[in-house]
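Letter by letter, the sequence shown follows residues 3 to 290 of the working numbering.
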Amino acid sequence: MALKKAQKEHNLPGALPHHRMPYKVGSRQRMIQRVLEQQWAISDVLSGDRKSRHLVPSWQDVDVLESINQALQPLQEFKDALSGESYVSVSYLKPVLHLMNTTILAAKEEDSDLTKSIKMKILEYINTKYDNPATQELLDMTSFMDPRFKANCISSDKVSDIRARVMSEIEATMPKEQSLSNQDHQGMGPTDVTLTKAKKSLGSFFKTSPAPSSMEPSHTVEVELNNYMMSPTIDSEMDPLTWWQVHQVDFPHLSKLARKYLCIPASSSSSERLFSTSGNVVTCQRVN
């Protein structure tokens, strides 16, 4: 009641302070933001009780909270975007990391020393987390297979390595595909042949057998890869899966590789949400 009265006096929204949840990403920042928003109402309530007057935030406390909020607030939107499960998110990691290092978490002149220090610590943690060569190669592959980015976010000295990996992965699956195709043709029985002959039309007499392709598999993949690289990148708001569905006829081998990499979630948030939901449904009371 005292808080609601103070909120009305200061024309503040009637919202309760957020509580920090240890396993919920971003809860600390939202808690700090709510305290800053309601600081005058909170101060009035605390100062009204003699036992809690010492808890009234001082100007130094407010400065610290503002510095922390200024450093953490820009990350909230990226956290929400990378935690999605109904769209491709893994290929965003490489561009987002680049954006954080160059813009979002870059130190600004108006930042306080504490804000600059927090930003630097966050960048050190993030860059160390993704510094593993295998992880970097995976992020490069996912970004490369996304028609929104391709090689734009990959360092120039690594593009040739990524192209070589794409070709080797596709060529490794080609013999298996060819053998399955041959088995399908060999498995055609005499009944199938008879049915095919019975359905001959006049136009079938003028048909010629398609000439076997003289192009080597490696050259086929290279041509497909070059055409993909020369095609224009799509808008960042477009769905890359829709693009691949439309262009899978033009890039039959690359489209299969895109499905392999673009299905990876960028974070474990979706699985954690699933476990949280199941934990709320399957309780001890329900089991018993």
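Even for Gly, the Cβ is constructed at its ideal location relative to N, Cα and C.
Bounds of any alpha helix (DSSP H) do not take in Thr105, whose DSSP letter is neither H nor E. For the pair Leu125 and Ala268, the CB atoms are not nearer than the 8 Å cut-off. Using a C-beta cut-off of 8 Å, the stretch 114 to 131 makes contact with the stretch 59 to 75, since at least three inter-stretch Cβ pairs fall below that distance. The DSSP assignment places no complete run of the beta strand (DSSP E) inside the stretch 36 to 82 (cut-off: 3 residues). For Ala4, the enclosing alpha helix (DSSP H) has its first and last residue at Ala4 to Glu11. With contacts defined by Cβ atoms closer than 8 Å, Ile164 and Met143 form a contacting pair.
The Cβ-Cβ distance between Met169 and Leu227 falls below 8 Å. Gln35 sits away from Gln62, with the two beta carbons spaced by 8 Å or more.
DSSP places Asn134 in the coil class of the three-state scheme, outside both helix and strand. Leu5 has its alpha-carbon roughly 49 Å from the corresponding atom of Cys155. In the DSSP assignment, Thr244 falls within the unbroken alpha helix (DSSP H) covering Pro242 to His249. The three-state reading of DSSP puts Ser85 in coil, since its state is none of H, G, I, E or B. With respect to the 8 Å criterion, His249 and Val223 are not classified as neighbours on the basis of their beta carbons. Around the beta-carbon of Gln247, fewer than 16 other beta-carbon atoms lie within 10 Å, marking it exposed.
The C-beta separation of Val37 from Ser49 comes to about 15 Å, leaving the pair out of contact by the 8 Å criterion. For Tyr263, the enclosing alpha helix (DSSP H) stretches over residues Pro254 to Leu264. In the DSSP annotation of this structure, the continuous segment of the alpha helix (DSSP H) that includes Val98 starts and ends at Leu95 to Leu101. DSSP, reduced to helix, strand and coil, places Lys118 within a helical segment of the structure shown. The beta carbon of Leu259 is closer than 7 Å to those of Met147, Val168, Glu171 and Ile172 in its chain, skipping five residues each way along the sequence. With respect to Trp42, Pro149 sits apart: the two C-beta atoms are not nearer than 8 Å.
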